[in-house]
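Residue numbers (the working numbering), protein chains in the order written: chain A, -14 to 432; chain B, -14 to 432.
Some notes on the structure that comes next.
There are 2 protein chains.
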Amino acid sequence: MASTNPARGMRDFLPADVRKREYVIGIIKEVYERYGFEPLETPAVENLETLMGKYGEEGGQLIFKILKRGDKLLEALSGVDSLGTLEADLDSDGLSTTRKTSESIFSDLALRYDLTVPLARVVANHRNELPKFFKRYQIQPVWRADRPARGRFREFYQCDVDAIGSTSTVVEAEIISAACDILDRLGFNDYEVRLNHRQFLSKLVADAGIENETEALVALDKLDKIGQDGVKNELVSRGISEDSADKFLASVSGGGTNAGLDAILRFCNGKPVRVDASLARGLSYYTGAIMEIVLTEGDFKGSIGGGGRYDGLIGMFGKEQIPACGFSLGLERILVVMEERGMFPPEIAESTPADVLVTIWNDETIADSLKLARELRSHGLRVTVYPQADKEDKQWKYANSIKVPWICTVNETDLGEGMVSFQDLRSRQRYREPFEQVAAKIKEENA
Amino acid sequence: MASTNPARGMRDFLPADVRKREYVIGIIKEVYERYGFEPLETPAVENLETLMGKYGEEGGQLIFKILKRGDKLLEALSGVDSLGTLEADLDSDGLSTTRKTSESIFSDLALRYDLTVPLARVVANHRNELPKFFKRYQIQPVWRADRPARGRFREFYQCDVDAIGSTSTVVEAEIISAACDILDRLGFNDYEVRLNHRQFLSKLVADAGIENETEALVALDKLDKIGQDGVKNELVSRGISEDSADKFLASVSGGGTNAGLDAILRFCNGKPVRVDASLARGLSYYTGAIMEIVLTEGDFKGSIGGGGRYDGLIGMFGKEQIPACGFSLGLERILVVMEERGMFPPEIAESTPADVLVTIWNDETIADSLKLARELRSHGLRVTVYPQADKEDKQWKYANSIKVPWICTVNETDLGEGMVSFQDLRSRQRYREPFEQVAAKIKEENA
């Protein structure tokens, strides 16, 4: 018998999980819509050539590639030359070349690896249909063939917002404000936005006499994890002199700011934003402001989102450079922290399939039970009907097992008098009301 | 330069598309929740062995398979035996065997082909966490390597509802009622539910003296497309005698019913349900009631959803048979028909990125514009800010291009007096109000 587990690193979301995810996603959407961001959705599957070469050597290996189909697969297989080449590669050039060759021979499609490259493709493809300033949010799964670990999955949601077409710092300020509004609405009160500027950082690197900026920033990016001494060791091990390393670390710890960041700070008035000269952000494509939101208290300190300005990326599929600034909320991490901190409102945390269970007294009263269900639903209540005539205690046991708060019974005596008996399973309080007044009574008691 | 189109048979959904899709999906969710159905989500990617052998020869070929990664791919490639086998297959057994062999050698994962097999897997995997009667809805994309055609895509949403664990006809009645409620809420008024029963149909097949039931039902399933004469020809061409074909066609056209269907009809009181003895439904796994919803008027006649009872399928990954009844709404088709018939409400049909655009008068007033945006958002308005100081006519042109209904300006005179000037771009009516009263005025005029 085959395993019934989901594939490695993938997850099934049962109803209680889905409700929590949808609650958070609902708030994110609502806030982004309120800032004028628009929803975009792209396909899970992209042409392989759209994705290849966009994520570096390491990223490219993590892309899930789709096998060619039908005649194209047969062609790939039957081309004796290709098979010959593969074997030759294996003998001479080693494993990596073989893999890459075989991937391009056997695969033509791939699963989306992030939401930024698809956005760049859409912008190039639909330039004339999109507004001059295009502000979009996109909340969809991505797939990475990473080694699964605690909190790291092979299918996970990304939650991106990007504003395209303007170099103004208003864009950064709006994006930061929106992210803060989302965290406020979700109930976080220990977050902080850290802000830096790539050009400011470049200047500090140069002033310290360091030549390889990328190496310096990769090391600096680990400051939260390995501390000042750790970063210094790493800088030295990368061939940077002890003097330069000290100077660099002193300057990034010393604070300071520049005109662009001053404006952003002023526009984010009231939000917990501070300039942090030591903020590096790993990705090399940022060209201006960079930002990160961190939680500062308790067991779940650390980043829950980050972004920045990247003026060279969105134009990758076209001829012109297109300025852009984006931010990605760490949805999966936010969900973990909210669960651990008990931040979901009660109606989400204690999710039930329905507000009311209607029982079935006997085969003759089924239609009456369905009529009651229809009546209650028409007043907005979520109602499930026990599907068949069954012993009363079994129906009550079922009601308790699904944690439904109300149970309604339509027995024959009630029926003759146009009444319904019902009970609040939390308080054990019993009620008996005319058919038309049941919904109002339940809603009144719930309020 | 690589193509910027989405992959073949896949679609980008721009904001206006997403809004329409989310409107329909939102109503479907709301109604299903009201019937006590719970949301389930499963991964896009399943183990290949979970899917293979579940969809017949033809279906299996349409499954997108994912290339093995890293060492596993190298193993598959370097196994000289495997390559030898492949070439041998190609020479002797022909193409199909080669393809199947190569698929299982080079692939270990696959994209979800439907939502039913994943449901069966989840039920087997989480049996103890799920209620005895599990009612779930699932609205997620599936992928099929089909030849793309008008209205047929390689990535499309399925929208399934299934009730598991009971053989009662209450289940069929509730599922039909819920689907009808959804169509009512979406504004359809020309739909009809056709109902039949597999066992009733089997009896008609046997009574007509036909031995191969599957062949008879496959032919009958085409009745809507090719008519009575067409079905008769097909039956005869499949080796059924002309006499039997006539008798069968007469009996399925003659109406009639059975006890199970009578109960369903009675429980669906008020819904447009009728028994149609000629309804076959293609899939072979149905074991009881089968149903289909068709539109009956205008250019878009035809099925927009179907389902039935299938008591042998959900248990496929476990030891016990589990009764189940399901229904699948044709979401993609519903969207096409609603678009063609102009059924979207105005706020969805004429979607805009925001309710209000706030302009930027000059660099010194940016903070004031952002303050106004914050104020309006706090009253629930969707507000976008023009990102930079720019000529006034450019900002107005932009407002018109994104079809935002209101534009607000904070100029220096207004600022000194605590006032805001704003205009309804639809009526051209101008307003000037104190800062704190702008939101109320806009909402009042919109109402």
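Ideal Cβ placement from N, Cα and C applies to all residues, glycine included.
Values in this document were obtained by computation on a predicted structure and should not be read as measured data.
Between residue i and residue j, is the Cβ-Cβ spacing less than 7 angstroms?
i                      : j                      : result
residue 124 of chain A : residue 94 of chain A  : no
residue 393 of chain A : residue 343 of chain A : yes
residue 246 of chain A : residue 260 of chain A : yes
residue 311 of chain A : residue 287 of chain A : no
residue 252 of chain A : residue 171 of chain B : no
residue 135 of chain A : residue 362 of chain B : no
residue 102 of chain B : residue 39 of chain B  : yes
residue 13 of chain A  : residue 149 of chain A : no
residue 163 of chain A : residue 16 of chain A  : yes
residue 415 of chain A : residue 422 of chain A : no
residue 28 of chain B  : residue 156 of chain A : no
residue 263 of chain A : residue 208 of chain A : yes
residue 276 of chain B : residue 178 of chain B : yes
residue 278 of chain A : residue 319 of chain A : no
residue 90 of chain B  : residue 130 of chain B : no
residue -5 of chain B  : residue 137 of chain B : no
residue 154 of chain B : residue 299 of chain B : no
residue 201 of chain A : residue 216 of chain A : no
residue 403 of chain A : residue 420 of chain A : yes
residue 96 of chain B  : residue 128 of chain B : yes
residue 282 of chain A : residue 175 of chain A : yes
residue 21 of chain B  : residue 339 of chain A : yes
residue 193 of chain A : residue 229 of chain A : yes
residue 347 of chain A : residue 374 of chain A : yes
What residue range is occupied by the uninterrupted beta strand (DSSP E) comprising residue i?
i                      : result
residue 393 of chain B : 391 to 394
residue 350 of chain A : From DSSP, residue 350 of chain A is part of no beta strand (DSSP E); its letter is neither H nor E.
residue 337 of chain A : From DSSP, residue 337 of chain A is part of no beta strand (DSSP E); its letter is neither H nor E.
residue 409 of chain B : 404 to 409
residue 433 of chain A : For residue 433 of chain A there is no data in the structure shown, the boundaries of chain A being -14 and 432.
residue 369 of chain A : 368 to 370
Which residues bound the alpha helix (DSSP H) around residue i?
i                      : result
residue 275 of chain A : Residue 275 of chain A -> not in any alpha helix (DSSP H); beta strand (DSSP E) instead, spanning 274 to 280.
residue 323 of chain A : 316 to 326
residue 218 of chain B : 208 to 222
residue 148 of chain A : That residue, residue 148 of chain A, is in no alpha helix (DSSP H); its beta strand (DSSP E) goes 140 to 149.
residue 418 of chain B : Where residue 418 of chain B is concerned, there is no enclosing alpha helix (DSSP H), although the beta strand (DSSP E) it sits in stretches over 415 to 419.
residue 170 of chain A : 154 to 171
residue 106 of chain A : 101 to 110
residue 344 of chain B : Careful: residue 344 of chain B lies outside any alpha helix (DSSP H) and carries neither H nor E.
Tell me residue i's beta-bridge partners as DSSP assigns them.
i                      : result
residue 32 of chain A  : A:94
residue 181 of chain A : A:275
residue 291 of chain A : A:277 and A:313
residue 128 of chain B : B:140
residue 50 of chain A  : A:95
residue 434 of chain A : As shown, chain A starts at -14 and ends at 432. That puts residue 434 of chain A outside it, with no answer to give.
residue 434 of chain A : Residue 434 of chain A is absent from the model: chain A starts at -14 and stops at 432.
residue -2 of chain A  : B:26
residue 134 of chain B : B:137
**Message:** Under 7 angstroms, CB to CB, which of the residues in the region 347 to 374 of chain B have a partner in chain A?
**Reply:** 351, 352, 355, 362, 367, 368, 369, 370, 372 and 373
**Asked** What residues from the region 172 to 193 of chain B come within 9 angstroms of chain A, judged by C-beta to C-beta, listed N to C?
**Response** none
**Prompt:** Does the pairing of the region 270 to 279 of chain B with the region 109 to 123 of chain B give three or more beta-carbon distances under 8 angstroms?
**Reply:** no
**Request:** Output, in sequence order along the chain, the residues in the region 117 to 131 of chain B whose CB is closer than 8 angstroms to any CB in chain A.
**Result:** 117, 118, 120, 121, 126, 128 and 130
**Message:** Any C-beta of chain B within less than 7 angstroms: which residues of the region 374 to 408 of chain A qualify?
**Reply:** 383, 386 and 387
**Prompt:** At a cut of 8 angstroms, does the region 23 to 38 of chain A reach the region -13 to -6 of chain B through at least three beta carbon pairs?
**Reply:** yes
**Request:** Report the residues of the region 45 to 56 of chain A with a CB closer than 7 angstroms to any CB of chain B, ordered along the chain.
**Result:** 49, 50, 51, 52 and 54
**Asked** What residues in the region 264 to 298 of chain B have a beta carbon less than 8 angstroms from any beta carbon of chain A?
**Response** none
**Prompt:** What residues in the region 139 to 153 of chain A have a beta carbon less than 9 angstroms from any beta carbon of chain B?
**Reply:** 139, 140, 148, 150, 151, 152 and 153
**Request:** Report the residues of the region 13 to 42 of chain A with a CB closer than 8 angstroms to any CB of chain B, ordered along the chain.
**Result:** 18, 19, 20, 21, 22, 23, 24, 25, 26, 27, 28, 29, 30, 31, 32, 34 and 35
**Message:** Three Cβ pairs or more, each shorter than 8 angstroms: is that satisfied between the region 39 to 48 of chain B and the region 380 to 394 of chain A?
**Reply:** no
**Prompt:** Taking a cut of 7 angstroms between CB atoms, which residues from the region 87 to 114 of chain B lie near chain A?
**Reply:** 87, 88, 91, 92, 94, 106, 107, 109, 110, 111 and 114
**Asked** Which residues, taken in chain order from the region 314 to 342 of chain A, show a beta carbon closer than 7 angstroms to some beta carbon of chain B?
**Response** 338 and 339
**Asked** Taking three-plus beta-carbon pairs below 8 angstroms as touching, is the region 294 to 309 of chain B in contact with the region 322 to 333 of chain B?
**Response** no
**Item:** Near-chain B residues of the region 213 to 228 of chain A - C-beta to any C-beta below 8 angstroms
**Value:** none
**Near-chain B residues of the region 194 to 214 of chain A (beta-carbon distance less than 8 angstroms), N- to C-terminal order** = none
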